[in-house]
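In case it helps, UniProt numbering puts the sequence shown at residues 1 to 377.
A virtual CB, placed ideally from N, CA and C, is assigned to each residue, including glycine.
What you are looking at is a predicted structure, and each value in this text was computed from that prediction instead of being measured.
Down below is the structure, laid out as structure tokens.
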Amino acid sequence: MIVGVPKEIKTREYRVGMVPAGARALTAAGHTVLIETNAGVGSGIPDSEYQRVGAQIVKSADEVWSRAEMIVKVKEPIAPEYERIQNGQIIYTYFHLAGVDPELTRTLVKKKAAAVAYETLQTDDGGLPLLKPMSEVAGKMAIQVGATCLEKAHGGKGILLSGVPGVRRGRVAVIGGGVVGTCAAKVAVGMGAEVTLLDVNLDRLTYLDDVFLGRVATLNSDSETIARAVREADLVIGAVLIPGGKAPKLVPEALLKEMEPGSVVVDVAVDQGGCIETCRPTTHDNPTYTVHGVVHYCVANMPGAVPQTSTYALTNTTRPYARKIAEMGLVEAIKSDRALARALNTYDGKVTYEAVAKDLGYDYVPIHDALGGKSAR
1 MIVGVPKEIK
11 TREYRVGMVP
21 AGARALTAAG
31 HTVLIETNAG
41 VGSGIPDSEY
51 QRVGAQIVKS
61 ADEVWSRAEM
71 IVKVKEPIAP
81 EYERIQNGQI
91 IYTYFHLAGV
101 DPELTRTLVK
111 KKAAAVAYET
121 LQTDDGGLPL
131 LKPMSEVAGK
141 MAIQVGATCL
151 EKAHGGKGIL
161 LSGVPGVRRG
171 RVAVIGGGVV
181 GTCAAKVAVG
191 MGAEVTLLDV
201 NLDRLTYLDD
211 VFLGRVATLN
221 SDSETIARAV
231 READLVIGAV
241 LIPGGKAPKL
251 VPEALLKEME
261 PGSVVVDVAV
271 DQGGCIETCR
281 PTTHDNPTYT
291 VHGVVHYCVA
301 NMPGAVPQTS
311 TYALTNTTRP
321 YARKIAEMGL
331 VEAIKSDRAL
341 ARALNTYDGK
351 VTYEAVAKDL
361 GYDYVPIHDA
371 LGGKSAR
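In structure tokens:
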């Protein structure tokens with residue numbers, strides 16, 4: 001198979017979809033790997049490292065897209081890339097289709113592209129192995145950036161999360177006890193903040209109460225407890241996930257009006273539409289805006305700011321599946337691996353992931369129906 005890795009072009013996105021170890025594994029198995037020139041530079045990987053393991057460096061994104069049977073990326077294609085998508089091409093990346101430009105889904109359907117989405121690859125036990133490493137990074141970063149936004153110079157109320165003797169600590173409310181929320185709580189506790197974590201799963205709250213040894217207040221998440229926690233918080237972290245679907249709006253605009261001026265919200269769920277009603281995607285160039293006196297940080301590719309950590313964390317998990325698709329062809333790989341089958345969001349002009357179809361108004365076509373009678377490649 002010819003596998004292409006274009007340079008990411010989203011604002012301040014420095015990650016790359018494949019590291020030299022992944023390129024080596026594919027070329028050693030007889031596949032062709034095309035790397036756009038300087039695709040890895042933002043992650044500290046020069047072209048020479050890819051050439052050393054047998055990958056071909058090509059000069060333009062157009063060439064990568066036009067030649068490759070499978071594209072391996074980090075972020076979803078954005079508008080300048082829509083025309084580059086080839087008919088029937090496999091694209092293996094984060095998509096978050098329910099929360100991004102609907103035109104992307106229309107393009108994928110029109111061109112009968114196979115969208116293999118990192119965020120919906122799900123194991124039988126409910127795990128999301130390709131989403132987890134970036135959720136860990138984003139969760140930990142959320143407290144970092146939130147603490148900075150709380151500084152008066154950045155529009156915040158001027159609170160130090162750790163406090164000092166004789167002065168109260170900063171209050172952090174984390175909505176969602178999954179990977180993002182747990183990692184956010186770890187960093188917030190480590191910084192000395194007063195942390196409240198909300199989730200609807202009581203078993204998960206019991207586990208987190210044990211893990212944090214009582215240093216985090218765990219609350220069952222409902223509209224009343226969310227309202228109370230948000231009102232009292234200096235920093236609110238939105239960390240709610242519905243795999244493949246839009247995030248529920250758990251913090252309404254009316255509630256934001258009740259927060260103290262200079263409070264901060266960081267909505268990590270923004271790439272799925274956000275769980276805070278006033279959230280809209282921002283970039284690393286202009287990461288914040290203010291609504292009702294509350295500073296909003298809603299960058300949709302937070303881990304892109306720390307690429308030498310996040311690129312390797314991501315590709316450690318995506319590499320084996322990329323190789324499986326290259327070795328077996330997409331259809332046979334999907335038939336052999338139920339986790340990979342759940343990653344298929346569009347195929348042959350059909351939407352094959354139910355939450356995406358529901359949120360975007362498409363007919364849902366189950367994967368086994370969409371794949372019927374197709375050859376392996």
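query = By the 10 Å Cβ neighbour count, where 16 or more other Cβ atoms means buried, how is S375 classified, buried or exposed?
reply = With a pLDDT of only 46 at S375, under 50, the local geometry of the prediction cannot be trusted, and no value is derived from it.
ask   = Where does I9 sit, in a helix, a strand or coil, going by DSSP?
value = coil
query = Tell me which same chain residues have a C-beta within less than 6 Å of the C-beta of V347, skipping the five on either side of it?
reply = Looking at the sequence shown, residue 347 is not Val but Tyr. Here the set comprises A114 and A370.
query = What is the rounded straight-line gap between the Cα of L213 and the Cα of C183?
reply = 15 Å
message = Please report the distance separating the alpha-carbon of R377 from that of P320.
response = Caution is warranted here: a pLDDT of 41 is assigned to R377, below 50, making its placement in the model unreliable, and no coordinate value can be reported.
ask   = If you count every other CB in all the chains shown that lies within 10 Å of the CB of V19, and 16 or more means buried, which is it?
value = buried
request  = Could you check if P6 is buried or exposed, using at least 16 other CB atoms within 10 Å of its CB as the buried criterion?
outcome  = buried
ask   = At which residues does the beta strand (DSSP E) containing Y347 begin and terminate?
value = L344 to Y347
query = Can you name the start and end residues of the alpha helix (DSSP H) that Y118 belongs to?
reply = Premise fails: Y118 is in no alpha helix (DSSP H) and is neither H nor E.
request  = Evaluate the contact criterion for the segment 329-343 versus the segment 300-318: three or more CB pairs, one atom per stretch, below 8 Å.
outcome  = no
task = Measure the alpha-carbon distance for E81 versus G54 and round it to whole angstroms.
result = Each residue's Cα considered, the two are about 26 Å apart.
ask   = Is it right to say R128 is buried, meaning 16 or more other beta carbons lie within 10 angstroms of its own, or is it exposed?
value = A small fix is needed here, since residue 128 is Leu in this sequence, not Arg. Buried, because 16 or more other Cβ atoms sit within 10 Å of the Cβ of L128.
query = Quick one: what's got a C-beta closer than 7 Å to L202's C-beta in the same chain, skipping five residues either side?
reply = N220
inquiry  = To the nearest angstrom, how far is the alpha carbon of S66 from that of Q272?
reply    = 29 Å
ask   = Quick one: is N87 buried, meaning 16 or more other Cβ sit within 10 Å of its Cβ, or exposed?
value = exposed
inquiry  = Here's the rule: buried if 16 or more other CB atoms are within 10 angstroms of the residue's CB, otherwise exposed. What is residue 456?
reply    = The structure shown does not extend to residue 456, since the chain is modelled only from 1 through 377, so no value can be given for it.
query = So what does R171 bridge to, in DSSP terms?
reply = E194
request  = For the alpha helix (DSSP H) containing G304, list its first residue and its last residue.
outcome  = No alpha helix (DSSP H) contains G304, which DSSP labels as neither H nor E.
request  = Tell me whether the beta-carbon of A193 lies closer than 8 Å to the beta-carbon of L360.
outcome  = no
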